[in-house]
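Protein chains in written order, with the numbering used here: chain A, 89 to 419; chain B, 27 to 364. Backbone N, C-alpha and C fix where the C-beta goes; we use that ideal spot for every residue, glycine too. Report on one structure; see the data block that follows.
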Amino acid sequence: MDWSSILGNTARAAIGLETVIYALAAIGLNVQFGYAGLLNFGQAAFVAVGAYGIAVTVTVLGLPFWLGVVVGLVAAVLLAVLLGIPTLRLRADYLAIATIAAAEIVRLTVRSATLRDQTGGSSGLSGFAEGFYDLNPFTPGQSYGFGPWVFGARLAWILVVGWVLVAVCCLVVFLLMRSPWGRVLKGIREDEDAVRSLGKNVYAYKMQALVIGGVIGALAGFVFGVGRASVQPDLYGTELTFFVYTVLLLGGAARVLGPVVGAAIFWVALVLIENVLVQAVGAGYVPDWLMSSTQVGQVRFMLVGLALMLLMIFRPQGIFGDRRELAIDAR
Amino acid sequence: MPADENRPDLTDLDEGAPHEGHGGSHPATAPGPGPRALAAREVLRDVPRVPGAPKPDPVLVADGVVRRFGGLTAVDVQHVEFQRGAITALIGPNGAGKTTFFNLLTGFDRPDEGSWTFEGRSLARVPAHRVARRGMVRTFQLTKALSRLTVIENMRLGATGQVGERLLSAMFRRVWRGQEDSNTRRADELLRRFKLDAKREDFAGSLSGGQRKLLEMARALMTEPRLVMLDEPMAGVNPALTQSLLGHVKDLREQGMTVVFVEHDMDMVRDISDWVVVMAQGTVVAEGPPDAVMADPAVIDAYLGGHHDAPLTEEDEAEQIAAAEAELERERDQEVGR
Ligand SMILES: Nc1ncnc2c1ncn2[C@@H]1O[C@H](COP(=O)(O)OP(=O)(O)OP(=O)(O)O)[C@@H](O)[C@H]1O
Ligand SMILES: [Mg+2]
Numbered sequence: 089m090d091w092s093s094i095l096g097n098t099a100r101a102a103i104g105l106e107t108v109i110y111a112l113a114a115i116g117l118n119v120q121f122g123y124a125g126l127l128n129f130g131q132a133a134f135v136a137v138g139a140y141g142i143a144v145t146v147t148v149l150g151l152p153f154w155l156g157v158v159v160g161l162v163a164a165v166l167l168a169v170l171l172g173i174p175t176l177r178l179r180a181d182y183l184a185i186a187t188i189a190a191a192e193i194v195r196l197t198v199r200s201a202t203l204r205d206q207t208g209g210s211s212g213l214s215g216f217a218e219g220f221y222d223l224n225p226f227t228p229g230q231s232y233g234f235g236p237w238v239f240g241a242r243l244a245w246i247l248v249v250g251w252v253l254v255a256v257c258c259l260v261v262f263l264l265m266r267s268p269w270g271r272v273l274k275g276i277r278e279d280e281d282a283v284r285s286l287g288k289n290v291y292a293y294k295m296q297a298l299v300i301g302g303v304i305g306a307l308a309g310f311v312f313g314v315g316r317a318s319v320q321p322d323l324y325g326t327e328l329t330f331f332v333y334t335v336l337l338l339g340g341a342a343r344v345l346g347p348v349v350g351a352a353i354f355w356v357a358l359v360l361i362e363n364v365l366v367q368a369v370g371a372g373y374v375p376d377w378l379m380s381s382t383q384v385g386q387v388r389f390m391l392v393g394l395a396l397m398l399l400m401i402f403r404p405q406g407i408f409g410d411r412r413e414l415a416i417d418a419r
Numbered sequence: 027m028p029a030d031e032n033r034p035d036l037t038d039l040d041e042g043a044p045h046e047g048h049g050g051s052h053p054a055t056a057p058g059p060g061p062r063a064l065a066a067r068e069v070l071r072d073v074p075r076v077p078g079a080p081k082p083d084p085v086l087v088a089d090g091v092v093r094r095f096g097g098l099t100a101v102d103v104q105h106v107e108f109q110r111g112a113i114t115a116l117i118g119p120n121g122a123g124k125t126t127f128f129n130l131l132t133g134f135d136r137p138d139e140g141s142w143t144f145e146g147r148s149l150a151r152v153p154a155h156r157v158a159r160r161g162m163v164r165t166f167q168l169t170k171a172l173s174r175l176t177v178i179e180n181m182r183l184g185a186t187g188q189v190g191e192r193l194l195s196a197m198f199r200r201v202w203r204g205q206e207d208s209n210t211r212r213a214d215e216l217l218r219r220f221k222l223d224a225k226r227e228d229f230a231g232s233l234s235g236g237q238r239k240l241l242e243m244a245r246a247l248m249t250e251p252r253l254v255m256l257d258e259p260m261a262g263v264n265p266a267l268t269q270s271l272l273g274h275v276k277d278l279r280e281q282g283m284t285v286v287f288v289e290h291d292m293d294m295v296r297d298i299s300d301w302v303v304v305m306a307q308g309t310v311v312a313e314g315p316p317d318a319v320m321a322d323p324a325v326i327d328a329y330l331g332g333h334h335d336a337p338l339t340e341e342d343e344a345e346q347i348a349a350a351e352a353e354l355e356r357e358r359d360q361e362v363g364r
């Protein structure tokens with residue numbers, strides 16, 4: 089087994105493209121779920137809206153890519169408002185149902201045959217990312233980085249932009265959550281009637297949280313679309329949302345850096361298990377009847393699921409969570 | 027009504043509950059009736075003792091407020107007025123509709139019919155948070171502490187008009203720091219008064235039931251209300267603390283606030299209220315000064331129909347059994363008559 093390649097891949101995963109995407113999506117979800125207690129089960133829709141915003145604006149409308157970013161963000165705001173208006177006055181579970189449905193509607197709409205000319209149907213769109221890579225300050229053909237973290241010029245560029253976005257979002261969340269505004273949000277998570285009785289417009293705060301979280305989700309979509317230089321509808325399914333929840337709970341909800349740490353751990357675990365399994369199967373350490381190399385993809389998710397279960401049993405508050413808080417939940 | 031003679035007065039009914047330190051033995055927290063207390067009683071002396079009696083200076087007026095839950099009419103209040111600057115107790119047996127009436131008045135529930143005004147302005151269809159902003163704050167029977175916020179954060183949340191609660195200014199600490207500091211000072215002052223200062227940094231969820239009651243009341247006062255509506259503020263608070271809490275409620279009146287509170291403990295009601303409104307089965311059945319109301323047969327009826335405190339002495343018990351039997355007899359007769 090080639091341990092240096094296994095460890096190299098694993099180390100790269102810690103700061104790789106997927107980590108950035110899931111970190112951003114989970115930062116958005118943290119604002120909604122972690123701080124405000126909003127059960128948004130449609131974060132994938134916000135990611136999709138961000139990605140398709142750029143893709144459609146550039147490929148179909150022929151407009152510059154930065155305008156695509158703006159379109160994606162505006163669309164995310166609209167989606168949040170549209171979802172929030174009917175559901176935020178109702179009990180929490182209604183938002184969960186509405187968002188899960190909305191996410192599927194978004195995915196099925198962009199993959200529909202009728203809209204093939206606009207959104208590319210089930211095969212999606214590509215060729216919209218060049219506007220972004222034209223701005224690349226790194227020289228093509230060279231590689232950048234140190235130790236195991238060496239990346240080609242294109243990947244290095246999107247990673248730099250992605251991590252800057254992560255840092256900015258974390259800073260914004262930090263500033264917001266130490267403020268009285270953040271306190272109202274946390275109050276709503278605990279008991280919205282109590283907050284209402286103190287004269288706060290709970291509905292407006294929930295809407296703001298939904299919009300902010302959605303916009304950060306759209307930024308994840310921007311990194312997702314541009315990083316792969318293509319969008320495909322089936323990458324924005326419900327499992328994306330569930331992985332984002334996993335990432336958030338792993339790192340610790342209602343912690344500023346929870347989503348980032350959670351995303352890194354999630355992808356490190358996934359890549360490590362996959363690489364070890366592939367090599368083990370290739371080297372014949374694993375008998376054929378137990379697992380073939382084509383089954384590794386599924387088995388790694390099973391093992392990650394198992395690891396998560398163990399984590400939730402032994403450290404239910406996540407990596408950054410506070411045990412004191414958890415003890416209160418149990419009352 | 028022949029049974030009237032043996033019927034106990036509500037005052038006798040809860041002679042059973044031994045409340046150490048009642049009466050004049052708590053001068054530390056209640057140094058006799060303050061000037062506003064005397065004024066409130068003086069003003070209310072000439073008010074007729076009938077349900078819906080008009081008050082000289084009502085701050086809150088409700089008219090024809092009806093709330094039905096399916097077939098059950100939980101609240102059906104024809105007319106009721108609450109005097110400004112007074113402490114009014116709202117009493118009645120379990121299920122009388124007191125909490126529901128509170129919910130309606132404060133915008134937490136919508137009535138099927140009716141209108142009500144606070145300081146002369148209509149509050150019908152005004153959402154709960156606007157009601158609070160207008161200066162009418164309420165607490166809940168089932169305490170709502172914000173568990174995973176610390177005690178001091180709970181308190182700070184109560185302050186109104188915070189610049190830092192607006193999204194755009196929230197990110198810039200400079201803008202809201204001054205206000206936050208003055209709110210914190212006020213919060214600390216209240217926490218001291220309510221003996222919660224030792225718990226300042228603890229999560230509210232780690233407080234005991236009684237401490238949560240105190241926190242909720244202190245937090246409500248952070249909104250600087252003019253009318254405070256307390257739903258069973260003393261339930262679960264220990265007798266020693268009850269005394270100081272009573273003192274705080276009286277203080278509110280001295281500071282010019284109006285207090286309406288729901289309470290089952292008759293000693294407490296008699297001790298602090300200037301006026302008592304009695305509800306039974308959704309309607310106001312009696313109102314008047316505490317002593318008069320507690321001797322009112324309609325009130326005793328309402329209570330005996332529901333529940334009453336366990337008696338202490340044997341004479342009391344015998345008297346009550348007799349009263350209850352007379353009551354039952356009367357009901358049986360009525361049923362037969364129907
Ligand atoms: N949400 C609801 N749905 C159906 N019925 C309700 C609801 N809320 C209250 N009720 C009914 O309305 C009546 C009045 O209830 P309410 O809680 O106002 O009583 P209360 O006077 O506060 O009693 P207690 O002293 O026990 O707190 C009760 O019969 C209750 O069953
Ligand atoms: Mg009640």
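| Item | Value |
| --- | --- |
| Here's a check: name, in chain order, each residue in its chain whose Cβ is nearer than 6 angstroms to the Cβ of R245(B), leaving out the five neighbours to either side. | N180, M181 and G184 |
| Just to make sure I have the definition right: I need the residues of chain A whose C-beta is within less than 7 angstroms of the C-beta of G190(B). Which are they? | S267, P268 and W269 |
| For the segment 230-297 of chain B, list the alpha helix (DSSP H) runs that are entirely contained and at least 4 residues long, ordered along the chain. | 235-247 and 265-280 |
| By the DSSP assignment, the alpha helix (DSSP H) with S195(B) in it spans what residues? | L193 to A196 |
| Hey, would you say the C-beta of L98(B) is under 7 angstroms away from at least one heavy atom of ligand 1? | yes |
| At least one CB of chain B closer than 8 angstroms to the CB of D222(A): is that the case? | no |
| When the Cβ atoms of the segment 121-131 of chain A are set against those of the segment 319-338 of chain A, are three or more pairs found closer than 8 angstroms? | yes |
| Mapping the DSSP letters down to three states, classify W377(A) as helix, strand or coil. | coil |
| What residues of chain B sit near A63(A), judged by a beta carbon separation below 7 angstroms? | The displayed coordinates of chain A run from 89 to 419. Any statement about residue 63(A) would go beyond what the structure contains. |
| Could you tell me the distance, in whole angstroms, from the CA atom of F262(A) to the CA atom of R199(A)? | 37 angstroms |
| Could you tell me how far apart the beta carbons of I246(A) and G315(A) are, in whole angstroms, since I believe they sit closer than 8 angstroms? | 5 angstroms |
| Can you tell me which of the three DSSP states E145(B) falls into? | coil |
| Kindly indicate the opening and closing residues of the beta strand (DSSP E) around Y324(A). | Careful: Y324(A) lies outside any beta strand (DSSP E) and carries neither H nor E. |
| May I ask whether a heavy atom of ligand 2 can be found less than 7 angstroms away from the beta carbon of Q167(B)? | yes |
| Below 6 angstroms CB to CB, which residues in the same chain sit around G314(B) once its five sequence neighbours on both sides are set aside? | R75 |
| Between the alpha carbons of D207(B) and N118(A), how many angstroms are there, rounded? | 28 angstroms |
| With distance defined between alpha-carbon atoms, name the residue in A308(A), G270(A), L394(A) and F153(A) nearest to F216(A). | F153(A) |
| Counting only runs of 4+ residues fully inside the segment 104-163 of chain A, write out the alpha helix (DSSP H) ranges in chain order. | 105-117 and 131-143 |
| Is any heavy atom in ligand 1 found nearer than 7 angstroms to the beta carbon of F144(B)? | no |
| Looking at chain B, is there any beta carbon in it that lies within less than 8 angstroms of the beta carbon of Q296(A)? | yes |
| Taking the beta carbon of F198(B) as the centre, do at least 16 other beta carbons fall within 10 Å, making it buried, or is it exposed? | exposed |
| Does G275(A) get closer than 8 angstroms to chain B when you measure Cβ to Cβ? | yes |
| Which full runs of the alpha helix (DSSP H) of 4+ residues lie inside the segment 97-158 of chain B, going along the chain? | 124-131 |
| With a threshold of 8 angstroms on Cβ separation, who are the neighbours of A318(B) within its own chain once the five nearest residues in sequence on each side are excluded? | R75 |
| Determine the chain A residues that contact G184(B) at a beta-carbon separation under 9 angstroms, and present them in chain order. | L286 and G287 |
| What does the alpha-carbon distance come out to for the pair V148(A) and L360(A)? | 39 angstroms |
| Just checking: is the beta-carbon of L263(A) within a distance shorter than 8 angstroms of some beta-carbon in chain B? | yes |
| Roughly how many whole angstroms lie between the Cα atoms of R419(A) and D279(A)? | Residue placement at R419(A) is flagged as unreliable, the pLDDT there being 40, under the threshold of 50; a coordinate-derived value is accordingly withheld. |
| What residues in its chain sit with their C-beta under 6 angstroms from that of V165(A), if we drop five residues either side in the sequence? | V299 |
| Compare the Cα-Cα distances from R160(B) to each of G96(A), G138(A) and L286(A) and report the closest residue. | L286(A) |
| How about K124(B): is its Cβ closer than 7 angstroms to a heavy atom in ligand 2? | yes |
| If I follow the unbroken alpha helix (DSSP H) through F402(A), where does it start and stop? | V384 to F402 |
| Using a cut-off of 7 angstroms between C-beta atoms, extract the partners of T249(B) located in chain A. | L286 and G287 |
| Verify whether the separation of the beta carbon atoms of E145(B) and G90(B) is less than 8 angstroms. | no |
| Given that a residue counts as buried once 16 or more other Cβ atoms are within 10 Å of its Cβ, and exposed if not, what is F134(A)? | buried |
| What runs of the beta strand (DSSP E), each 3 residues or longer, lie entirely inside the segment 169-257 of chain A? | 231-234 and 237-240 |
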